[in-house]
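Chemist: Before we start, here is the structure in question, set down as structure tokens.
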Amino acid sequence: MALKKTELLNIFNLIPFDLLELKGIGTVIKMEAYSAFDFSAITGANYLVEPIGVTMKGRNETFIHRAVFQEGSYIYSPGLFERNINRSLSEGNSADKLLRLYPDVFSGDKYILINEISTGSNSNIDINVYNEIEKHGFNPKNFVLYKLFESGQSQESIYEYFTSLFYIKKGYIVENQTPWFQQNYLYKGERLNGGIPDFSAFKTDIINPLREFSILSSNEGILINKIPVIKNFITIKKKTDFTVSKVNYDLIIGEVKSDNSSIDQAIRQMNKYSNVELANKIYSIIPNCKNNGSENFGEFYLDQNILKINESKKSLMVNSVSQQIDRDWINVNVKLNLLGNANFNLLMQYLINKYGLTKDEIKSFHLIDFAMNISIPELIKII
Amino acid sequence: MAYTSDTRIKNILKDIHIEVIKKLSKIGLGDKLTLRVFDESSEDGRLFANGGLTFKDPNTNAVLGSNDAGWIYNGNPLVIVEGTFGTERGQFGDGQLNRFSHSTGVALNGFIGVTFVPMHGESYSKSGTNQTNVDSKIKIKPAKIHKGLLTGAIAISEKEKGWFLVIDAYAPEVLCKLIIESVKEKEGIKNELQKTIDDIISVMKFHLGSSKYGARSIQLITNLHDSGGKRISSRSRMYTQNYAALTTSTKRDGHGMLGKNLVEIYSGPKSSNYYAIFIRLRKNEIKLLSQRNSKEFQYIFNHPKVNVKCFDDLKFNDPKLKKVLEDIASVNIFQNRQNDLIKAIQTAFNSGEIQII
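Chains as they are written, first to last, in the numbering used here: chain A, 1 to 383; chain B, 1001 to 1357.
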């Protein structure tokens, strides 16, 4: 099902976001910078802070596979932090660096402009749109360009975005670039084939210190991509009236298709995800699929342009040992993301002192080890 | 959706573009250059002339691999980049050649093609080595740039009208300089383009070291003979895949085969013909492969410098060797390695015991 611009605007309006009519530009969705960041980081929509357009998607890569599927090993990849030519740790997409490069991303109101791309047309229209906005007397730096392909291509991420809003409200950390496993995983004597979930929402006990230091509000969650730059949006400070609550490991994953015609493929994928007995719940996220036909998997779907949810009839089998390994890995992952807020030179100084090495000798594995062994209150001191 | 190298690469290339434009603006050239880049890689595959980032091989008219971004001057390609972080994501061997055709297409058309890749990456892997003073869950395997990729890139740069440059993805400032100097050169002002290119090639040669392409290969043939005993090639390869492996495995396998072919066509002696010998395929299977609508197979079958041969095109002096090879036609040799047999066949080719009919 190819979503039309009018339908998409209607969905946003019902969330609700304000729609504005800008002379010469058309209807745009108004968001605060804090919300617009999530939209760009999930859908890949480009901020027109530069004529070429830049996205916040894909800037916080840390782990590409879950440790539980890799015999406990931590499979890291640069992205949030980089390597230099000597393979030493270098600054990647830290909060300070992104603020320095793209200050407009982090403040003021943003306007999401939806531009329809007809089938066969090239989508690298950013510069033209930038010039057009300027021509009509607006500042392009306040605009985020979302390209809506009339063919329906690449529309999955918009459903990932709406599902993210749902789980952020419920207090979960969410992501749409879910580490899983590559190729296969030997489980209970059987070699299981892969596939990577489109969406995940999770909670572990790390939620508590994140709330204690105001990184999360008292009841909301967060998009994981935002954690490395959170200090650009809010002041990180310890709450005096914070009470620790019990948070059990909870992992929800979603398989997104833009049309019901792909339901068989979605079910095959979800069966693969459930075979590893890690996720507590699995959902199909398909706008026109109210019933996926499986008792094991729930559904997210659109009804009158509002996102609705059906729970599955049966509970999934979970392996508590796997969940414990995964909890530890998630917590390290969150801490690595939080380290994106650190002043890079200060962070390097901590690593130099801890490992007794020179700057050039500090590698990415020292950073991971550091994240594995530091508590959130200690980590906050570096930010 | 999973993390892919693509988004990271495109973000880095856009950041480089912004830096380039800033520097060019300081010398009054900020409006001379545009960057062609797409959010989704699906559009990279359009031909450059149609607004995409892909080029045809002028020798065969076959479409080669697509690129991630391209800097354009006056409507023409200036520097076209294909990026990959394969060497830090577990790509240790021939898989790196999957992308060889991408910059090849650019260079064969007379432009500057750049493969942007960590020359010495580190992949985190459960089968890697533990590091000193850090948790045992952290294990690393180094992955150096494929020497074949460097060999082929240098050969193409030497023999063809364009450049195939390999730039370390950990040194974005080198790419930045290459683009700026290219613009200056086009503008006819004082520039260091040739020096920049020479420096890049010098780094490529440094990473290549004294390595001789295929020295450890058991499939490369350096002395191929026809049935009359005449030496007909000093750079050819036997391919050991059977029909099932070539037609049911992932597309990337064909991709790798194309990369290997290109490396060997261009890095071999100019006077030598190149034979791609599929030792486990029969004539009917070759015919079926040639009819497949696959970019990789079409390229190999239509390239004027590639002679495709199969089991039926071979004359064996030793009937026992022929029989053994015939008997493993349907064996999965990735699971049941046949290295001793392959080595024996290589020796037989090189000594003229197996000839091309």
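Note that beta-carbon positions come from the ideal geometry of N, C-alpha and C, so glycine has one too.
Listing by chain order, which chain A residues have their CB less than 8 Å from the CB of V1020 (chain B)?
Modeler: Near V1020 (chain B) there are no residues of chain A at all, since even the closest Cβ is about 11 Å away, more than 8 Å.
Chemist: Considering only heavy atoms of the ligand SAM, does any lie closer than 7 Å to the CB of A1348 (chain B)?
Modeler: No copy of the ligand SAM appears in this structure; indeed no ligand is present at all.
Chemist: Can you pull the chain A neighbours of V1117 (chain B), defined as C-beta to C-beta under 8 Å?
Modeler: In chain order: nothing, as chain A lies at least about 13 Å away.
Chemist: Please name the residue, chosen from B:L1165, B:N1223, B:P1118, B:I1140, that lies closest to G1152 (chain B) on a Cα-to-Cα basis.
Modeler: Answer by Cα proximity: B:L1165.
Chemist: Run the CB neighbour count on V1081 (chain B), radius 10 Å, all protein chains shown included, and call it buried at 16 or more, exposed below.
Modeler: V1081 (chain B) should be labelled buried.
Chemist: Counting only beta-carbon atoms, is G171 (chain A) nearer than 8 Å to chain B?
Modeler: No, G171 (chain A) lies away from the interface with chain B (no Cβ there is under 8 Å from its Cβ).
Chemist: Secondary structure at N1059 (chain B), three-state DSSP: helix, strand or coil?
Modeler: Note: N1059 (chain B) maps to coil in three-state DSSP.
Chemist: Looking at the strands, I want to know which residues DSSP matches up with R1237 (chain B).
Modeler: B:L1220, B:A1276.
Chemist: Report the three-state DSSP secondary structure of K239 (chain A) (helix, strand or coil).
Modeler: K239 (chain A) falls in the coil class under three-state DSSP.
Chemist: When DSSP labels each residue in this structure, what does Q70 (chain A) get in the three-state scheme?
Modeler: It is coil, neither helix nor strand.
Chemist: Rounded to whole angstroms, what is the Cα-Cα separation between S90 (chain A) and E1192 (chain B)?
Modeler: Cα-Cα distance, rounded: 28 Å.
Chemist: Along the beta strand (DSSP E) that carries W1163 (chain B), what are the first and last residues, could you check?
Modeler: Taken as a continuous stretch (DSSP letters only), the beta strand (DSSP E) holding W1163 (chain B) covers 1163-1168.
Chemist: Could you name the residues that DSSP lists as bridge partners for E21 (chain A)?
Modeler: Paired residues: A:T27.
Chemist: Does any residue of chain B bring its CB to less than 8 Å from the CB of S154 (chain A)?
Modeler: Taking Cβ atoms only, chain B reaches closer than 8 Å to S154 (chain A), which makes this a yes.
Chemist: Could you check what DSSP says for V1081 (chain B) in three-state terms: helix, strand or coil?
Modeler: Reduced to three states, the DSSP call for V1081 (chain B) is strand.
Chemist: Do L1262 (chain B) and H1207 (chain B) count as a contact pair if the criterion is CB distance below 8 Å?
Modeler: No, these two residues do not count as a Cβ contact at 8 Å.
Chemist: What does the Cβ neighbour count give for N1061 (chain B), buried or exposed, with the cut at 16 atoms within 10 Å?
Modeler: Looking at its Cβ environment, which holds fewer than 16 other Cβ atoms inside 10 Å, N1061 (chain B) is exposed.
Chemist: Mapping DSSP to helix, strand and coil, what is V334 (chain A)?
Modeler: V334 (chain A): helix per DSSP, three-state reduction.
Chemist: Listed in chain order, which residues of the stretch 1045-1056 of chain B have Cβ atoms closer than 9 Å to some Cβ of chain A?
Modeler: From the stretch 1045-1056 of chain B, only R1046, N1050, G1051, G1052 have a Cβ closer than 9 Å to chain A.
Chemist: Can you name, in chain order, every residue of its own chain whose Cβ lies under 6 Å from the Cβ of E1181 (chain B), other than the five neighbours on each side?
Modeler: Hits under 6 Å: N1191, E1192, L1193, T1196.
Chemist: Taking only the alpha-carbon atoms, compute the straight-line gap between T240 (chain A) and S88 (chain A) and give it to the nearest angstrom.
Modeler: Roughly 39 Å separates the two Cα atoms.
Chemist: Can you check whether the CB of V229 (chain A) is closer than 8 Å to the CB of L98 (chain A)?
Modeler: Yes, they are a contact pair.
Chemist: Check the Cβ-Cβ distances between V174 (chain A) and every residue of chain B, and say whether any is below 8 Å.
Modeler: No - not a single Cβ of chain B is within 8 Å of the one on V174 (chain A).
Chemist: Please report how far the alpha carbon of K231 (chain A) lies from the alpha carbon of L165 (chain A), in whole angstroms.
Modeler: Each residue's alpha carbon lies about 21 Å from the other.
Chemist: Of all the beta strand (DSSP E) runs that stay within the bounds of the stretch 193-244 of chain A, which reach a length of 3 or more residues?
Modeler: As far as the stretch 193-244 of chain A is concerned, its whole beta strand (DSSP E) runs of at least 3 residues are 199-203.
Chemist: Quick check: is the beta carbon of M1089 (chain B) nearer than 8 Å to any beta carbon in chain A?
Modeler: Residue identity differs from the one stated: residue 1089 (chain B) is Arg in this sequence, not Met. Chain A, which has a Cβ nearer than 8 Å to the Cβ of R1089 (chain B), makes this yes.
Chemist: Name, please, each residue of chain B whose Cβ falls closer than 7 Å to the Cβ of Y355 (chain A).
Modeler: Residues of chain B passing the Cβ test: N1133.
Chemist: Would you please verify whether the beta carbon of D1168 (chain B) is less than 8 Å from any beta carbon of chain A?
Modeler: Cβ-Cβ to chain A under 8 Å: yes for D1168 (chain B).
Chemist: In chain order, what residues of the same chain have a beta carbon less than 7 Å from the beta carbon of L14 (chain A), not counting five sequence neighbours either side?
Modeler: Excluding positions up to five away in sequence, the list reads N305, I306.
Chemist: Considering only the alpha carbon of each residue, which of A:N373, A:L251, A:I285, A:N142 lies closest to S258 (chain A)?
Modeler: Of the candidates A:N373, A:L251, A:I285, A:N142, the one whose C-alpha sits nearest the C-alpha of S258 (chain A) is A:I285.
Chemist: Would you say P78 (chain A) lies against chain B (beta-carbon separation less than 8 Å)?
Modeler: True, the Cβ-Cβ gap to chain B drops below 8 Å.
Chemist: According to a CB-to-CB cut-off of less than 7 Å, which residues of the stretch 111-125 of chain A neighbour chain B?
Modeler: Within the stretch 111-125 of chain A, the qualifying residues are N122, S123, N124.
Chemist: Buried or exposed: which applies to A1215 (chain B), given that a residue is buried once 16 or more other Cβ atoms fall within 10 Å of its Cβ?
Modeler: Result: exposed.
Chemist: L1097 (chain B) to K1141 (chain B), Cα distance in whole Å?
Modeler: Roughly 19 Å between the two C-alpha positions.
Chemist: Can you tell me whether DSSP reads F106 (chain A) as helix, strand or coil?
Modeler: Helix.
Chemist: In the DSSP output, which residue or residues are listed as bridge partners for W1071 (chain B)?
Modeler: W1071 (chain B) pairs with B:L1035, B:V1079.
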